[in-house]
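Numbering (our numbering), first residue to last: 537 to 791. Every residue gets a Cβ at the ideal spot worked out from N, C-alpha and C, and that includes glycine.
Next up, the structure:
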């Protein structure tokens, strides 16, 4: 009797164990019998509105950063060096002969007169002395003028006793020219670079250059040119002084 009861209890225990083991096996198998197996729980399929296949999921594209352009450095132009001016050799003022400059002035002026059918001018000692006296006074006062050292042109002609001698009939033969109307004065530079009235750099390298520059100054001015080309003038006195700075002071007196 006892044995039967014990055997019954044992059978129940074994059956229970087998049932529990089956259930545990099912849980360890993922809670299903596998895909497509009997009793498998179907996973619901979501159909997009309007029909069609469900889109497959795609990874979100990662934006590729746009490289920042690197600024190309601007080439700095190489400056063109300014050409170095070639030094102009100068000549010491002491090397200029004043008497030779006076002679060149007379010669060049006579050439200009002859080209215009004027008689050449003869040098006259007292006129030369008077012209030199005035050039020296201009050099002392430092500027060009018909009056210097307290003497006007008329006073100089009188001082050298030339007032009555030096009266020249004008080209129309209707009047007489005297005193300042018979005198021209000018200044230039000897042996040094200077800028002329037109802004050009020049240099008078010798006595002939100086004389030519002085004559051009006079012939560029109507009144001075008219004096030097007086038809009835026949004598000339030229006075030239070159000072220590190379400035040239020139005077021409006619008779």
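- Relative to the Cα of residue 643, the nearest Cα in the group 780, 772 and 711 belongs to 772.
- Counting other Cβ atoms within 10 Å of its Cβ, residue 769 reaches 16 or more and is therefore classed as buried.
- A distance below 7 Å between beta-carbons, with the five flanking residues on each side excluded, links residue 722 to the following residues of its chain, in chain order: 680, 750, 753, 754 and 786.
- With a 10 Å radius around the Cβ and a threshold of 16 neighbouring Cβ atoms, residue 652 comes out exposed.
- About 34 Å separates the CB atoms of residue 729 and residue 718; that is not less than 8 Å, and the two are not in contact.
- Assignment of residue 713 by DSSP, reduced to helix, strand and coil, places it in the strand class.
- 783 is the residue among 783, 660, 791 and 790 whose C-alpha sits nearest the C-alpha of residue 675.
- Of the residues 629, 677 and 646, the one whose Cα lies closest to the Cα of residue 748 is 646.
- Distance from the CA of residue 780 to the CA of residue 720, rounded to the nearest whole angstrom, comes to 23 Å.
- Per the coordinates, the alpha-carbon of residue 756 lies some 28 Å from the alpha-carbon of residue 625.
- Here DSSP, grouped into helix, strand and coil, assigns residue 753 to helix.
- Positions of the alpha helix (DSSP H) runs, each at least 4 residues long and wholly inside the region 652 to 729, are given as 661 to 677 and 689 to 695 in order along the chain.
- The Cβ neighbour count for residue 775, taken over all protein chains shown within 10 Å, is at least 16; the residue is labelled buried.
- Assigned with DSSP and collapsed to three states, residue 789 falls in strand.
- Residue pairing for residue 772: DSSP places it in a beta bridge opposite 659 and 790.
- For residue 761, the uninterrupted alpha helix (DSSP H) run begins and ends at 758 to 764, by DSSP.
- In the three-state reduction of the DSSP assignment, residue 737 falls in the strand class.
- A straight line joining the alpha-carbon of residue 700 with that of residue 691 spans about 12 Å.
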